[in-house]
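Here this note's numbering runs 7 ahead of the position in the sequence shown, where the first position is 1.
One structure is given below, encoded as structure tokens.
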Amino acid sequence: MNKLILLAFLSVTTWNLTAQKFVQDQSATKVMFKIKNFGSYVDCMFSKVDFDVKFDKNDLANSYINTTIAVSSVETKNKSRDKSLAKKKYFNVAEYPNITLKSTKIVMVETNLYNLTGNLTIKGTTKSITIPIKLSEKGNKLSINSDFSIDRLDYNVGKSSLILSKKVIAKVNYLGTK
């Protein structure tokens with residue numbers, strides 16, 4: 008009987024260790040994007056980003072990487088442009104305050120390289136997207152890096168334009184600790 012209790016305790020304890028979620032390092036986590044405007048790239052960043060991460064390379068079926076971005080936190084180093092992006096024509100922050108990514112599947116492509124498939128919602132439009140991600144674990148730390156692009160018109164952000172590119176290039180850096 009004692010062995011059964013010990014085995015049950017160890018099973019629950021081990022499951023809890025592998026099921027732990029990561030806690031985001033706010034200072035090392037960044038979501039940036041750039042877009043061509045009048046032929047030059049404009050660098051942008053979101054300063055309020057929250058990741059909800061549970062990752063176990065041996066249990067990808069139960070792993071996830073979810074993100075919520077406060078759209079009002081967009082920074083372009085130009086206050087007038089930041090205000091313009093918040094308006095109805097672009098992000099419409101009043102009606103759609105967040106951009107979200109809810110992962111549906113993580114697949115290993117090769118060592119430390121994965122494809123994250125998830126539902127990306129911007130300005131009330133949700134589309135399935137597959138994003139290449141590079142993950143590295145060192146001790147109790149998890150680093151996630153990704154570079155990908157989306158078409159802003161797929162999410163009704165602005166209108167077709169000769170001066171503003173439809174291609175948005177995103178860069179994500181995340182650091183978390185168990």
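Backbone N, C-alpha and C define an ideal beta-carbon position, used for all residues, glycine too.
**Asked** Is it the case that the Cβ atoms of Val81 and Tyr103 are separated by a distance below 8 Å?
**Response** no
Note to self: Quick check: the Cα distance between Thr128 and Lys145, rounded to an integer number of angstroms?
What the structure shows: 31 Å
Compare the C-beta of Ser167 with all C-beta atoms of chain C and state if any pair is closer than 8 Å. Given the protein chain composition of this structure (a single chain), no chain C is represented.
Verify whether the separation of the beta carbon atoms of Val60 and Val179 is less than 8 Å. no
- What residues are listed by DSSP as bridge partners for Ser150? Ser143 and Leu182
Selection from Gln33, Lys185 and Lys173 that minimises the alpha carbon distance to Lys55: Gln33
For the beta strand (DSSP E) containing Val108, list its first residue and its last residue.
-> Sequence check: residue 108 is Leu here, not Val. Its beta strand (DSSP E) spans residues Asn105 to Glu117.
### Message
Counting C-beta neighbours from all protein chains within 10 Å, is the total for Lys94 16 or more, i.e. buried, or is it exposed?
### Response
exposed
- Query: In whole angstroms, what is the alpha-carbon distance linking Glu117 and Ser87?
  - Reply: 44 Å
Apply the 10 Å Cβ neighbour rule to Lys90 and answer buried if 16 or more other Cβ atoms are within range, or exposed otherwise. exposed
Query raised in the report: If we ignore side chains and look at the alpha-carbon of each, how far apart do Ile12 and Val164 end up?
Result: Low per-residue confidence applies at Ile12: pLDDT is 44, beneath 50, and the placement is therefore not dependable enough to give any value.
In this structure, what does DSSP give as the bridge partners for Tyr121? Met115 and Ile140
Exercise. Would the beta-carbon of Ile72 fall within 8 Å of that of Ile136?
Worked result: no
Q. Per DSSP, what kind of secondary structure is Lys166 in: helix, strand or coil?
A. coil
- Message: Check this for me: beta carbons of Lys130 and Asn85, under 8 Å apart or not?
- Response: no
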